[in-house]
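Engineer:
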Amino acid sequence: MSIVSLQNLSMFYGAEEIFSGVSADIHHGARIALVGPNGAGKTTLVNLILGFDEPTEGRIFRAKDLRLGHLPQQVKVQGEHTLYEEALRAFAHIKQLERDMADLAEQMADGVTDDAVMATYSKLQEAYEAAGGYEYMAQLRIVLAGLGFTEEDYDTPLPQLSGGQRTRALLARLLLEAPDLLILDEPTNHLDIEAVEWLENYLKSFSGAVLAVSHDRYFIDNFASTVWELEFGMLEVYRGNYSHYARQREERRERLLKEYEQQQEFLAKEEAYIRKNMGGRLTAQAKGRLKRLQTMAKRGKIISGPPRNRRKMHLRLKANARSGDEVLKTRGLVVGYDEPLLQVPDFTLYRGETAALIGPNGVGKSTFLKTIIGQLPPLAGEARLGAQVKIGY
């Protein structure tokens with residue numbers, strides 16, 4: 007069952023076409039990744055689905071009483087409420103039931119025990135249990151912990167959180183609200199590896215549909231069952247995760263290229279026949295073939311060109327001078343500020359090697375980098391750069 011249906015959408019800003027002929031459906035429980043290069047119109051399409059804008063052409067149908075949730079890339083903070091209060095907003099209906107039950111309990115404690123009060127209290131209890139009233143606090147803690155928050159963070163006002171933390175706070179509330187359609191714009195940008203893995207697992211059992219705009223192919227591989235590719239003003243729908251999409255996309259490109267080449271060969275033969283025989287004894291046949299080509303063109307059956315390739319970035323990183331064999335060496339290195347944050351095992355990085363520094367937020371990755379480039383002094387030990395080594399940071 008479709009909860010959102012996009013029907014032949016086109017979007018123009020002035021004379022500039024962003025996309026056209028976009029048609030797709032979002033079904034209940036769908037897991038969709040929206041991919042495409044920057045500037046292809048992904049944010050524009052999301053804004054249309056959310057109702058923030060109207061298409062130039064086409065229609066969007068949304069299910070009645072559809073509940074939407076949206077995580078933008080940039081989160082604006084309103085109010086001085088805390089992280090805990092932000093997450094608790096997801097359960098406003100449960101908190102209202104608690105207040106109503108408390109009012110009736112107070113009345114009954116004062117001796118009001120008529121049947122109407124007792125019946126109302128019983129209905130409220132049933133509604134409270136059905137809404138998850140006995141589990142929501144545990145769920146709140148699970149989600150906040152999964153997104154990297156500790157209980158010490160609960161009382162922190164949102165304006166005092168970093169931009170990434172505020173984004174994670176909104177994501178936590180949206181997950182707890184469990185809307186019918188959750189739209190996430192680059193949800194992994196502010197998550198460390200552990201939080202990304204937690205989010206991937208959480209979304210597997212999420213009750214609603216999810217549409218995620220993402221450039222993270224590994225997240226898409228683990229999350230998506232459908233990929234929407236928006237590129238060159240067109241939307242193509244692929245079934246499967248990123249790996250399936252990449253394979254199908256290449257197969258589709260090869261198929262379209264073959265169809266184009268075959269049609270070009272056919273057109274060349276037809277045009278040669280027409281030129282050779284027009285005005286001769288086979289003029290009737292030549293005119294017939296010309297009319298057939300004109301009909302094909304009128305009906306849009308002539309392929310305008312070969313499939314376009316996505317531009318790829320090619321980097322060639324070449325040092326101006328050759329460094330020594332040993333680029334970086336640490337011995338007994340301890341990094342931190344007033345207190346040790348990270349004890350670094352001894353290692354040597356050699357010229358030409360590539361290393362990845364990974365770990366949860368807050369364990370000292372940036373502090374380590376600042377120490378080895380000399381922005382921070384080590385608390386103990388040393389980080390020594392090799393001869394002729396120049397740093398880009």
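With the first letter of the sequence shown counted as 1, position 69 gets the number 75 in the working numbering; the numbers rise by one all the way through. By construction, the Cβ of each residue, glycine as well, lies at the ideal position given by its N, Cα and C atoms.
Going by alpha carbons, who is nearest to residue 315 out of 275, 256, 290 and 270?
Structural biologist: Of the candidates 275, 256, 290 and 270, the one whose C-alpha sits nearest the C-alpha of residue 315 is 256.
Engineer: Whole-angstrom Cβ separation of residue 214 and residue 187, contact assumed at under 8 Å?
Structural biologist: 6 Å between Cβ atoms; contact.
Engineer: What's the call for residue 251, buried or exposed, on a 16-neighbour Cβ count within 10 Å?
Structural biologist: Counting Cβ neighbours within 10 Å, residue 251 comes out buried, since at least 16 surround it.
Engineer: Are residue 25 and residue 16 close, meaning C-beta to C-beta below 8 Å?
Structural biologist: Their beta carbons are under 8 Å apart, which means residue 25 touches residue 16 by this criterion.
Engineer: Please report the residue range of the beta strand (DSSP E) in which residue 25 lies.
Structural biologist: Per DSSP, residue 25 belongs to the beta strand (DSSP E) from 22-33.
Engineer: Decide if residue 23 is buried, meaning its Cβ has at least 16 other Cβ atoms within 10 Å, or exposed.
Structural biologist: When all chains shown are included, residue 23 counts as exposed.
Engineer: Looking at the unbroken alpha helix (DSSP H) that takes in residue 251, where does it start and where does it end?
Structural biologist: From DSSP, the alpha helix (DSSP H) with residue 251 extends over 248-283.
Engineer: Please go through the same chain and pick out, in chain order, the residues whose beta-carbon is closer than 6 Å to the beta-carbon of residue 63, but skip the five residues on each side of it.
Structural biologist: These residues qualify, in order along the chain: 16.
Engineer: Label residue 191 either buried or exposed according to how many other C-beta atoms from any shown protein chain fall within 10 Å of its C-beta, with 16 as the threshold for buried.
Structural biologist: So residue 191 counts as buried.
Engineer: For residue 67, does the count of other Cβ atoms within 10 angstroms reach 16, so buried, or fall short, so exposed?
Structural biologist: Counting Cβ neighbours within 10 Å, residue 67 comes out exposed, since fewer than 16 surround it.
Engineer: Could you pull the start and end residues of the alpha helix (DSSP H) that residue 374 belongs to?
Structural biologist: Taken as a continuous stretch (DSSP letters only), the alpha helix (DSSP H) holding residue 374 covers 371-378.
Engineer: Residue ranges of each alpha helix (DSSP H) run of no fewer than 4 residues wholly in the stretch 131-161, ordered along the chain?
Structural biologist: Taking only runs of at least 4 residues, the alpha helix (DSSP H) segments lying wholly in the stretch 131-161 are 142-152.
Engineer: In chain order, which continuous runs of the beta strand (DSSP E) of length 3 or greater are located wholly inside the stretch 307-366?
Structural biologist: List check, beta strand (DSSP E) in window: 332-342, 346-349 and 353-356.
Engineer: Determine the extent of the beta strand (DSSP E) in which residue 175 is found, giving its start and end residues.
Structural biologist: Note, residue 175: premise wrong, no beta strand (DSSP E); alpha helix (DSSP H) at 169-183.
Engineer: Would you please state the rounded distance, in angstroms, between the beta carbons of residue 392 and residue 334? I believe it to be under 8 Å.
Structural biologist: Yes, residue 392 and residue 334 are in contact; Cβ-Cβ is about 7 Å, under 8 Å.
Engineer: Excluding the 5 residues flanking residue 181 on each side, which residues of the same chain have their C-beta closer than 6 Å to its C-beta?
Structural biologist: Excluding residues within five positions, the ones whose Cβ falls inside 6 Å are 149.
Engineer: Quickly, what does DSSP pair residue 391 with across the bridge? List them, please.
Structural biologist: Looking at the DSSP assignment, residue 391 forms a beta bridge with 334.
Engineer: Candidates 302, 387 and 291: which alpha carbon is nearest residue 338's?
Structural biologist: Taking only the C-alpha atoms, the option nearest residue 338 is 387.
Engineer: Which residues in the same chain have their Cβ closer than 7 Å to the Cβ of residue 43, if we skip the five residues on either side of it in sequence?
Structural biologist: Counting only Cβ-Cβ distances below 7 Å, and skipping sequence neighbours, we find 237 and 316.
Engineer: From this set, 117, 108 and 172, which residue's C-alpha is nearest residue 84's C-alpha?
Structural biologist: The residue with the shortest Cα to Cα distance from residue 84 is 172.
Engineer: For residue 87, name the three-state secondary structure that DSSP assigns.
Structural biologist: Coil at residue 87, not helix or strand.
Engineer: Taking all protein chains shown into account, do 16 or more other C-beta atoms lie within 10 angstroms of the C-beta of residue 374, making it buried, or fewer, making it exposed?
Structural biologist: The residue is buried, with at least 16 neighbouring Cβ atoms inside 10 Å.
Engineer: Report yes if the C-beta distance between residue 143 and residue 127 is below 8 Å; otherwise report no.
Structural biologist: Their beta carbons are not under 8 Å apart, which means residue 143 does not touch residue 127 by this criterion.
Engineer: State yes or no: is the C-beta of residue 104 within less than 8 Å of the C-beta of residue 165?
Structural biologist: Contact: no.
Engineer: Return helix, strand or coil for residue 119, following the three-state DSSP convention.
Structural biologist: It is coil, neither helix nor strand.
Engineer: Does the Cβ-Cβ distance between residue 361 and residue 355 come in under 8 Å?
Structural biologist: Their beta carbons are under 8 Å apart, which means residue 361 touches residue 355 by this criterion.
Engineer: Within a Cβ cutoff of 8 Å, which residues of the same chain sit near residue 377, ignoring the five residues on either side of it in sequence?
Structural biologist: For residue 377, where only same-chain residues beyond five positions count, the Cβ hits under 8 Å are 339, 341, 383, 384 and 389.
Engineer: So the alpha helix (DSSP H) residue 290 belongs to, where does it begin and stop?
Structural biologist: Its alpha helix (DSSP H) spans residues 289-304.
Engineer: Looking at the structure shown, is residue 6 part of a helix, part of a strand, or coil, going by DSSP?
Structural biologist: The structure shown does not extend to residue 6, since the chain is modelled only from 7 to 399, so the question has no answer here.
Engineer: Which residues in the same chain as residue 183 place their Cβ atom closer than 7 Å to its Cβ, once the five residues preceding and following it in sequence are excluded?
Structural biologist: 75 and 96.
Engineer: Can you list the alpha helix (DSSP H) stretches of 4 or more residues lying completely in the stretch 195-254, in chain order?
Structural biologist: With a minimum length of 4 residues, the continuous alpha helix (DSSP H) runs that stay inside the stretch 195-254 are 199-210 and 223-229.
Engineer: Please name the residue, chosen from 21, 366 and 30, that lies closest to residue 7 on a Cα-to-Cα basis.
Structural biologist: Comparing Cα-Cα distances from residue 7 to each of 21, 366 and 30, the minimum goes to 30.
Engineer: Determine the extent of the beta strand (DSSP E) in which residue 41 is found, giving its start and end residues.
Structural biologist: Here the beta strand (DSSP E) through residue 41 covers 37-41.
Engineer: Let me know the secondary structure DSSP gives residue 106 once reduced to three states.
Structural biologist: Three-state DSSP puts residue 106 in a helix.
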